[in-house]
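Inspection log for the structure reproduced underneath, given as structure tokens.
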Amino acid sequence: MKRWQLIAEDIYKSTSIDALLEARGKAEGYIHGLVDAGHLSTRDTERDYLILSIVQRRREFLQKLLNEYGY
């Protein structure tokens, strides 16, 4: 598997808010590394929006699940 696939898998498999935040940090670090190396544009707002919206949806799902089970 490629690194970005492992990072995406970490986001989708997150079962806690802390795990999700860690996965998000890895994704942001990976993207910053690609930008610094000149492989990605700093103006790719569509990509950034997509990543952040995936994380936000997962966070909302986890929060709802935790609330339903009384955590």
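Residue numbers for the sequence shown follow numbering that gives the first Met the number 0, so the first one is 0 and each next one is one higher.
All C-beta atoms in this analysis are idealised placements derived from N, C-alpha and C, irrespective of residue type, glycine included.
Since the structure is predicted, the reported quantities are computational estimates derived from the model, not experimental observations.
Item                                                                                                                                                  : Value
Taking all protein chains shown into account, decide if A36 is buried (16 or more other Cβ within 10 angstroms of its Cβ) or exposed.                 : exposed
Given that a residue counts as buried once 16 or more other Cβ atoms are within 10 Å of its Cβ, and exposed if not, what is S15?                      : exposed
With contact counted as at least three CB pairs below 8 Å, one residue from each stretch, are the region 5–22 and the region 44–62 in contact?        : yes
Quick check on the DSSP output: what are the complete alpha helix (DSSP H) runs of length 4 or more inside the region 5–58, in order along the chain? : 16–35
Taking the alpha carbon of Y22 as the point to measure from, which residue in I53, E67 and K63 has its own alpha carbon closest?                      : A small correction: the amino acid at residue 22 is Ala; Tyr does not occupy that position in the sequence shown. When each option's Cα is compared against that of A22, the closest is I53.
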